[in-house]
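Below you'll find the structure, written out as structure tokens, and then a few comments.
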Amino acid sequence: LEDLRAGLAREARRRTLIFVPLGLAAAALLFFSMNSGSGTSQGSPTFGFIIMMVVGGGGAWIWAVSGPQQRYTLAFKDKLLPRLLGHYGVLRHETGRKPNLAPAVAAGLLPPHDDVSADDGFVGSYRGRPIDITELEVSRKVGEKTETLFQGLYVEITVSTPFAGITLLCDREAQKPGNGLHRLRLEDPVFEEIYAAWASDQIEGRAVLTPAVMERLLVMADGHSFLPPRFLLQGDRMVFALPSITPGSLFEPPGIETHVAAQQLASLEADLATLFSLADAMIDMHIAVRAPHESAANPRAEPGTPIS
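Here the sequence shown stands for residues 309 to 616, where the numbers follow our numbering.
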């Protein structure tokens, strides 16, 4: 990654040395051609000249840098990220594909919205189960402004044996879901300070919130990478919504002129480990509650598995 970044950074600098002077020269030529022959001019010619030079030089710089940066981003997402994700399963990179959010909205996992934008996504299998990871931004119009309702990772895992009822876990301050779910009271005051659980089947709802699942959810609520995650268990789907702490794409590489590529990958690897630790806890829970016959198949990935 560092070799790729360094090579493309050198190319960007060479392109800058070529295109920026050409852009400045073109801007100056255009300015003088526009002002030659006119006896009078409105406004300060010096100010107009400065504006033209900024536009010409800035546009040329953007043109010079954008090509190498786009190639770096493409290589980061199409080659390096799949290798990193190969530690967990067989996953391929997709861009712009939007999952069906209607069940999540109907159940109260996500709020009603006007627009959904999807950036990067990864589709494949984990521990023998189909998995779909999408980076989403959900928003709505409020007057002349756009309000972001959710920004982060949206994860769907398909299981073989459906759940009997619906279980919803959300932030404690979230509105009560209006779909006939009943509040689950858990004997964990720390957990209930952060989360609120709702279920159509109280027995199954308590069964799915195993100590391992609750511990993992508390760990992920530490505010390091994500805000407290939410989940929805319904039918053959386990759905997670992990709100990001900071705006911006989780899977975007740093700029080619920076030297933090290794730190970026290490941080991303830690975030993925956190995500798949939650997936492990939920899959183990599903096996125990709904599919004990699967306990010997498709074990979890062990730390330290080499990336091929």
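Cβ atoms here follow ideal geometry from the backbone N, Cα and C, with glycine treated the same way.
Check                                                                                                                                                                  : Outcome
For Y380, which of helix, strand or coil comes out of DSSP?                                                                                                            : helix
Please state whether DSSP places G436 in a helix, a strand or coil.                                                                                                    : coil
Between the beta-carbon of Q377 and the beta-carbon of I564, is there less than 8 Å?                                                                                   : yes
With distance defined between alpha-carbon atoms, name the residue in A482, L444, N487 nearest to P411.                                                                : N487
Considering just the uninterrupted stretch of the beta strand (DSSP E) at D530, what are its terminal residues?                                                        : No beta strand (DSSP E) contains D530, which DSSP labels as neither H nor E.
So, for G451: in the same chain, excluding its five sequence neighbours on each side, which residues have a beta-carbon less than 7 Å away from its beta-carbon?       : none
In the DSSP assignment, find the unbroken beta strand (DSSP E) run with A549 in it and report its ends.                                                                : 545-551
So the beta strand (DSSP E) G460 belongs to, where does it begin and stop?                                                                                             : 453-466
Quick check: what's the CA-CA separation for S341 versus A334?                                                                                                         : 10 Å
Contact check, V373 vs L418 under 8 Å by CB: the rounded distance?                                                                                                     : With a Cβ gap of about 37 Å, V373 and L418 do not count as contacting.
Express the C-alpha separation of L526 and F499 in angstroms, rounding to a whole number.                                                                              : 7 Å
For the beta strand (DSSP E) that contains Q483, what are its first and last residues?                                                                                 : Segment: none, Q483 is in no beta strand (DSSP E) and carries neither H nor E.
Is there contact between the stretch 540-548 and the stretch 473-485, where contact requires at least three CB pairs shorter than 8 Å?                                 : yes
Run through the DSSP bridge pairs and tell me what W506 is partnered with.                                                                                             : L476, R491
Is it the case that the stretch 385-392 contacts the stretch 351-360, given that we only count it when at least three CB pairs across the two stretches are under 8 Å? : no
Between the stretch 456-463 and the stretch 547-554, do at least 3 Cβ pairs fall closer than 8 Å?                                                                      : yes
Which residue's Cα is closest to the Cα of P519: D496, V328, G356, G432?                                                                                               : D496
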